[in-house]
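Colleague: There's a structure below that I have some questions on.
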Amino acid sequence: MGVAGDALSTLVSLVFLLPIFTCCTLVVLKWTISGDIDPLAGVLAMFVLVGTMFVSLATKNQVMQGVAVVGAISLIAMFPFAANYLDRHDLREINAEHIDKTILELSIRPDNFPAWFKLAESLFTAGYHGHAIALAEQTLERIPNNMDPFHNRSMRDMYRSEEIMIKKWRRDATNPKRHMPIACPKCGQKNQPGTINCIKCETPYLLLLSRNVGTRTGAFAKLVIGWALIAGLLPFGAFLGTMDGGGLFAIGGTLAAVAGVGVVLWWVFRDPSGQPEKFQSFS
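For the sequence shown, position 54 matches number 84 in our numbering, and the numbering has no gaps at all.
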């Protein structure tokens with residue numbers, strides 16, 4: 031009777047778990063085949079999915095099986111966050127291209143004032159607030175303020191919107207870390223806000239830093255690896271709670287799982303480039 035009961039319990043668990051894990055595995059397989067994620071990340075995610083399912087079936091523990099299902103379903107729940115993360119990555123990539131093109135324009139025409147403001151805007155969007163503000167203010171100071179008697183205004187008057195935006199930047203950009211000198215990635219020299227080329231090696235260090243945004247495939251792989259780690263941490267914490275040792279293992283397993291999930295989420299969704307929440311535009 032006991033053997034029959036165990037067999038029935040295993041069958042019920044298999045019927046419950048197999049469709050869920052199969053669907054999740056097929057989704058990851060589709061991403062891997064389509065090239066949306068790195069093959070290594072896809073294989074790792076599928077390995078964790080299949081391994082989690084077999085471990086949960088082997089333990090025959092309802093709590094652990096429930097946690098395993100939550101870990102699998104969390105893949106679907108992460109879709110909106112993943113889409114937002116990838117959108118922000120795409121915006122950083124586009125902004126890096128803007129910086130690249132604008133610096134090229136300025137190398138041809140250094141007196142192109144709109145291009146200088148465009149560069150400042152892109153730098154502010156990239157999170158280099160101090161450099162963006164200093165660069166925009168330096169550009170304003172170079173614009174002639176002599177009154178044109180025919181138009182009854184100066185060239186400086188044509189850039190009132192940029193002047194207003196600089197004041198808004200100063201009001202909003204209150205994080206002192208965004209105004210600190212930035213080290214050149216090539217020689218390590220720290221450069222004060224407002225400098226485009228390194229004062230030591232003359233490398234366009236801001237351009238090099240802005241290009242360091244990674245690829246969309248890499249960002250996608252990071253999401254999948256993060257989810258795979260979470261899917262593995264949750265059953266691991268539940269498994270510790272089922273071990274002999276009473277409440278100590280249960281509390282320790284829960285705390286370890288929660289802490290691990292928190293670290294993984296921080297690693298996945300942290301924004302190393304300092305991307306602002308909203309794009310500040312001169313338009």
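We put the CB at the ideal spot given by N, CA and C, even for glycine.
Please name the residue or residues paired with A213 in a DSSP beta bridge.
Modeller: BP columns for A213 point to K220.
Colleague: Counting along the chain, where does the alpha helix (DSSP H) carrying I173 start and finish?
Modeller: Here I173 belongs to no alpha helix (DSSP H), and DSSP marks it neither H nor E.
Colleague: Within 8 Å of any Cβ in chain D, is that where the Cβ of I226 sits?
Modeller: No chain D is present in this structure, which holds just one protein chain.
Colleague: With a cut-off of 8 Å on the beta carbons, I'd call I260 and V291 a contact; round off their distance for me.
Modeller: The Cβ separation is near 5 Å, so the contact holds.
Colleague: Which residues in the same chain as L15 place their Cβ atom closer than 8 Å to its Cβ, once the five residues preceding and following it in sequence are excluded?
Modeller: Nothing about residue 15 can be read from this structure; the chain reaches only from 31 to 313.
Colleague: Going by the DSSP bridge assignment, what does S184 pair with across the sheet?
Modeller: Beta-bridge pairing links S184 to M177.
Colleague: In the DSSP assignment, find the unbroken alpha helix (DSSP H) run with P144 in it and report its ends.
Modeller: First-last of the alpha helix (DSSP H) with P144: F143 to T155.
Colleague: Decide if R122 is buried, meaning its Cβ has at least 16 other Cβ atoms within 10 Å, or exposed.
Modeller: Per the 10 Å Cβ criterion, buried.
Colleague: Can you tell me whether R139 is helix, strand or coil according to DSSP?
Modeller: Here R139 sits in coil by DSSP.
Colleague: Pairs of beta-carbons, one from the stretch 131 to 139 and one from the stretch 147 to 157, closer than 8 Å: are there three or more?
Modeller: With a cut-off of 8 Å, the stretch 147 to 157 and the stretch 131 to 139 count as touching, because enough Cβ pairs lie within range.
Colleague: Would you mind sorting C53 into buried or exposed? The rule is 16 or more other CB atoms within 10 Å of its CB.
Modeller: By the neighbour-count rule (16 or more Cβ atoms within 10 Å), C53 is not buried but exposed.
Colleague: How would you write the range of the alpha helix (DSSP H) that M195 sits in, first residue to last?
Modeller: Where M195 is concerned, the enclosing alpha helix (DSSP H) stretches over R190 to D202.
Colleague: If the criterion is Cβ atoms closer than 8 Å, does the pair F213 and Q222 meet it?
Modeller: The question names Phe, yet the displayed sequence has Ala at residue 213. Going by C-beta atoms, A213 is not nearer than 8 Å to Q222.
Colleague: Work out the CA separation of D202 and G304 for me, nearest whole Å.
Modeller: The predicted model places G304 with a pLDDT of 43, which falls under 50 and marks its position as unreliable; any figure quoted below should be read in that light. Roughly 14 Å between the two C-alpha positions.
Colleague: Expressed to the nearest angstrom, what Euclidean distance is found between the alpha-carbon atoms of C231 and P211?
Modeller: Rounded to the nearest angstrom, the two C-alpha atoms are 16 Å apart.
Colleague: What did DSSP end up calling I281 once you bin it into helix, strand or coil?
Modeller: It is helical.
Colleague: Mind checking F77: buried by the 16 CB within 10 Å criterion, or exposed?
Modeller: Exposed, since its Cβ has fewer than 16 Cβ neighbours within 10 Å.
Colleague: For R300, which three-state DSSP category applies?
Modeller: Coil, per DSSP.
Colleague: Starting from Y235 and walking both ways along the alpha helix (DSSP H), at which residues does that stretch end?
Modeller: Y235 to R241 is the span of the alpha helix (DSSP H), which, as asked, contains Y235.
Colleague: CB-CB under 7 Å to H209, same chain, minus the five flanking residues each way: which ones, in chain order?
Modeller: If we look at H209 and ignore the five residues flanking it on each side, its Cβ neighbours are H159, G160 and P223.
Colleague: Measuring alpha carbon to alpha carbon, tell me which residue in T155, D117 and F111 is nearest L236.
Modeller: Nearest option by C-alpha distance: T155.
Colleague: Out of curiosity, what's the CA-to-CA distance linking L239 and M195?
Modeller: Each residue's alpha carbon lies about 24 Å from the other.
Colleague: Could you pull out every residue in the same chain whose Cβ sits closer than 6 Å to the Cβ of L59, ignoring the five residues on either side in sequence?
Modeller: So no residue of the chain qualifies.
Colleague: Quick one: is E171 buried, meaning 16 or more other Cβ sit within 10 Å of its Cβ, or exposed?
Modeller: Classification of E171: exposed, given that the 10 Å Cβ count is below 16.
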